[in-house]
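What follows is a short report on a single structure.
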Amino acid sequence: MGQAHAADALHGKSLYLNGPPSGGAACARCHTASPAANVSKILNAADNPAAISAAIAANKGGMGNIYAGKFTAVDLADLAAFIGNPGVVAAPAASLNPASLAFSGTALGQASSALSATLANTGSGTLNIDTIGVTGAAAADFSIAGGTCAPGGALAAGADCTVLVSFKPSVAGVRNASLAVAHNGTGGSSSVALSGTGNASPQATIGVSAASLNFGALVTNVASAPQSVTVSNSGQTALTFSAITLTGANSAIFTLGGDCAISKPLASGATCALTVRAQPTATGAFAASLNLASNAANGNVTIGLAGSGASAAAAASATPSVLAFGSQAIGAAGATQTIALTNTGNVAVTFASLAVNGSAAISLAPGNHCGAALAPGASCGVPLLFTPTAEGAVTATLVASFNGGSVQVGVSGAGTSAAVAKPTLSDAGPIGFGQIQVGKSAAPHTTVLSNPGTAALKIATLVADGTNGADFVLGGSCAVNGSVSPAASCTIETSFKPGAPGARSATLLLLTDGGTQFSLPLTGTGTAIAAAPALTLAPQSFDFGASAASKRFTLSNAGSAAINLSAANFSGPFARVLGASGCPALPFALQPGASCDMVIGYTPAAAGASNGSVVLQADGGGSWTIALAGQAAATAANAPPAQNQGGGGCSSVRDGSDPMLALLALMAAAVLFWRRRNPAQP
């Protein structure tokens with residue numbers, strides 16, 4: 023049996039005015055622009071598609087010649103709907119679901135994971151969104167956390183968007199508010215009830231500076247330099263560790279140190295450090311995990327450890343790989359720039375010699391540079407001095423020889439007797455920002471670009487370059503194409519806003535129109551709060567109506583750690599349908615990115631409204647609620663048993679005095695009298 027079609031009068035209007043899609047005359051040609059005129063009694067077809075179909079079949083007024091086979095059953099229903107409602111106009115209609123969002127218990131001052139509501143345009147015109155906000159007595163405890171809906175936006179007919187809401191209780195107890203969306207649809211606004219419970223008990227919240235540590239290629243049987251992970255507590259009570267362990271097939275390669283300890287609680291706002299060393303015993307890749315178990319409300323933390331064993335290899339690199347002094351005044355004080363040499367190998371590097379070849383105008387600055395051995399990953403600086411004595415360009419090469427080879431850097435400059443700019447930076451070495459939480463910004467560091475020269479300079483390039491360049495934000499008064507007059511200066515404000523946890527680096531690259539190039543290393547470490555379990559439920563609530571049936575609810579893990587679901591507690595006439603394909607039997611672990619369906623049945627014992635819920639619980643105290651409802655009608659299963667309280671048979675009389683008995687007796691006597699008068703009849 024086909025599904026009933028909801029007639030679309032607007033589509034019918036298009037058919038009436040324009041004719042069938044496959045071609046043919048418009049109905050308006052014979053019946054005028056509006057069916058309301060009732061030309062040729064067209065209103066007989068109002069909401070009556072059968073009347074139109076019959077007129078076409080009978081070729082009434084030549085309709086068969088024009089429309090035979092050109093209208094579908096849906097077209098006819100829509101056309102009849104327009105004839106019945108000729109004043110129809112396109113109008114939006116808003117639907118905001120679910121009707122309520124219930125947040126699980128959340129510690130005071132802590133933000134919950136967001137829940138989603140969907141705004142759909144179920145009408146025929148464009149739905150314009152005016153405002154999106156939270157109202158009610160506890161509105162301050164709820165906030166809009168994102169989504170695809172936006173104030174001032176619009177939804178086409180049939181389209182939808184989402185609004186994300188988060189809960190951050192300020193006081194203990196049940197908190198209620200409403201998500202309100204104002205629009206141009208019927209009613210002018212739509213709302214979703216919001217509820218949550220603030221837990222007064224303070225909780226610890228763990229954060230780590232890195233989700234993984236990679237030791238790179240290490241010499242076998244030689245201990246690596248230590249790598250550090252900072253552990254922080256942004257919660258409201260002390261963080262206590264129940265276990266700090268190494269697991270995995272290669273866990274024996276690693277050793278732990280630092281001041282984080284089971285016997286040492288971490289106060290609110292405090293940090294401690296864990297150090298890890300690796301010492302591979304064979305060539306090839308190795309991996310393990312560092313596990314932190316604690317009382318943190320956001321769960322336990324696992325940090326991946328990796329690296330590889332390799333033969334000893336010395337290597338080094340230089341930053342920048344080429345150095346440009348640009349034009350400098352003859353006879354003026356020399357200009358100085360610094361080249362950073364970094365050990366990129368897996369053994370210590372010692373620079374046996376540093377030499378500048380090519381021009382006497384470019385030389386090493388006075389002093390002892392890079393004289394000590396460099397551990398893998400360490401750096402040192404080599405300052406070069408440019409003092410031109412004649413007009414024209416000069417070139418040279420810095421050669422840094424070490425125990426595994428050499429690093430060479432091309433250096434250029436030009437001498438001039440004309441007025442010339444002399445760009446100078448207030449910083450000569452790396453700019454470090456320390457540890458900053460992912461998504462937050464460090465206090466800006468100011469570098470001054472001065473021009474003590476005799477001509478103006480123009481900034482040709484000013485960028486944060488490198489793999490993590492996007493994590494460093496530039497500001498200040500210095501800008502590309504900006505000029506700095508003689509004896510003037512401008513500022514470069516550099517800030518660090520990490521987009522991911524772990525060590526982040528880039529290079530502040532500044533180039534002037536005179537050819538001078540500056541390169542300043544930028545470093546920082548992003549820290550991240552360990553993600554709370556992120557279980558999403560679809561739908562978050564459901565009304566079974568009058569159907570004693572079952573419904574699939576999709577559980578999805580949107581977080582980065584497994585969620586160990588331990589129990590499902592039901593209330594009301596609702597229960598899990600066992601044996602249905604979907605989620606495994608409880609308890610089970612839902613892995614990151616995974617989902618499964620929990621099938622819930624509605625089995626009312628009596629007629630009337632039913633309300634209930636299922637509360638899903640996870641190890642560590644997490645809980646999520648699905649609100650359930652139903653409206654059971656009286657059926658043979660829940661209605662009172664039928665009783666025969668009359669005098670007998672089909673009688674409905676309860677006291678035995680049934681007037682039908684006398685009537686039946688009279689009818690029987692009449693039959694007997696008729697038989698006696700007609701004996702030949704059987």
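Here the sequence shown stands for residues 23 to 704, where the numbers follow our numbering. The beta-carbon is built from N, C-alpha and C at its ideal position, and this holds for glycine as well. Note that this is a predicted model, so its numbers are computed, not measured.
Just to confirm, is the Cβ distance from F189 to S134 under 8 Å? yes
Only counting the same chain, and skipping five residues up and downstream in sequence, which positions put a Cβ closer than 6 Å to that of A377?
Here the set comprises V421.
- [ ] Give the DSSP-derived three-state secondary structure of K190 in the structure shown.
- [x] K190: coil per DSSP, three-state reduction.
Determine the extent of the beta strand (DSSP E) in which V502 is found, giving its start and end residues. From DSSP, V502 is part of no beta strand (DSSP E); its letter is neither H nor E.
### Query
Could you give the residue range of the beta strand (DSSP E) that holds P405?
401-408 is the span of the beta strand (DSSP E), which, as asked, contains P405.
field: Own chain partners of V416 with C-beta closer than 6 Å, once the 5 adjacent residues on each side are dropped
entry: S381, A383, G435
Exercise. With contact counted as at least three CB pairs below 8 Å, one residue from each stretch, are the region 609-621 and the region 565-579 in contact?
Worked result: yes
Three-state class that DSSP yields for A658 in the structure shown = Per-residue confidence for A658 stands at a pLDDT of 45, beneath the threshold of 50, marking its modelled position as unreliable; the derived number appears in the next sentence. A658: coil per DSSP, three-state reduction.
inquiry  = On the CB-based measure, 16 or more other CB atoms within 10 Å of its CB, does L600 come out buried or exposed?
reply    = exposed
Quiz prompt | Collapsed DSSP secondary structure at K573 in the structure displayed | solution = strand
Margin query: Considering Cα atoms alone, identify which of L587, V621, D619 is closest to F610.
Written below: When only C-alpha atoms are compared, the closest one is L587.
- Message: I need the DSSP call for F566, collapsed to helix, strand or coil.
- Response: coil
### Task
From the DSSP output, in three-state form, read off L130 for me.
Annotated three-state conformation of L130 is coil, per DSSP.
- prompt: Around the C-beta of D281, are 16 or more other C-beta atoms found within 10 angstroms, so that it is buried, or is it exposed?
  reply: exposed
Just to confirm my understanding: we take I458, look at its own chain, exclude 5 residues before and 5 after, and list those with CB closer than 8 Å. What are they? A464, F518, K519, P520, G546, T547, G548, T549
May I ask you to report which of helix, strand or coil DSSP gives D69? D69 falls in the coil class under three-state DSSP.
| Cβ-based burial, V9 [other Cβ within 10 Å; buried from 16] | An answer regarding residue 9 cannot be provided, because it is not within the stretch 23 to 704 covered by the chain.
Delimiting residues of the beta strand (DSSP E) encompassing V470: 467-473
What does the alpha-carbon distance come out to for the pair A31 and L101? Per the coordinates, the alpha-carbon of A31 lies some 7 Å from the alpha-carbon of L101.
Looking only at C-alpha atoms, which of S212, C49, N206, L531 sits nearest to V185?
S212
Next on the checklist: So, at 7 Å on beta carbons, what are the nonlocal neighbours of A640 in its own chain, with the 5 sequence-adjacent residues on each side left out?
Outcome noted: P555, I585, N586, L587, S588
Check your understanding: Would you say I151 and A176 are within 8 Å of each other, going by their C-beta atoms?
Key -> yes
State the DSSP-derived secondary structure class of C512, mapped to helix, strand or coil. strand
- Taking only the alpha-carbon atoms, compute the straight-line gap between A394 and V298 and give it to the nearest angstrom. 25 Å
**Q.** Three-way DSSP call (helix, strand, coil) for L32 in this model
**A.** helix
Where does the unbroken beta strand (DSSP E) through F455 begin, and where does it stop? 453-459
In this structure, does DSSP put G432 in helix, strand or coil? strand
* Shortest alpha-carbon distance to L201 belongs to which of F408, V187, S499, S254? -> V187
Can you find the residues in the same chain that come closer than 7 Å, C-beta to C-beta, to I64, ignoring five residues on each side of it along the sequence? H53, P57, I105
- Rounded C-alpha distance that separates S334 from Q132: Note that residue 334 corresponds to Ala in the displayed sequence, not to Ser. Their backbone Cα atoms lie some 49 Å apart in a straight line.
Practice item. Give the DSSP bridge partners of Y89, in chain order. Key: Answer is none; Y89 lacks a bridge partner.
Fill in: Under the three-state DSSP convention, the category G218 falls into
strand
> Is it true that the CB of A482 sits closer than 8 Å to the CB of L544?
Replying inline: no
- Task: Whole angstroms is fine: what's the gap from S165's alpha carbon to V431's?
- Result: 55 Å
Residue nearest to V429 in terms of C-alpha spacing, selected from P466, G475, T366, G389 | T366
Practice task
Assign L608 to buried or exposed, taking buried as 16 or more other Cβ atoms, counted over all protein chains shown, within 10 Å of its Cβ.
Solution key: exposed
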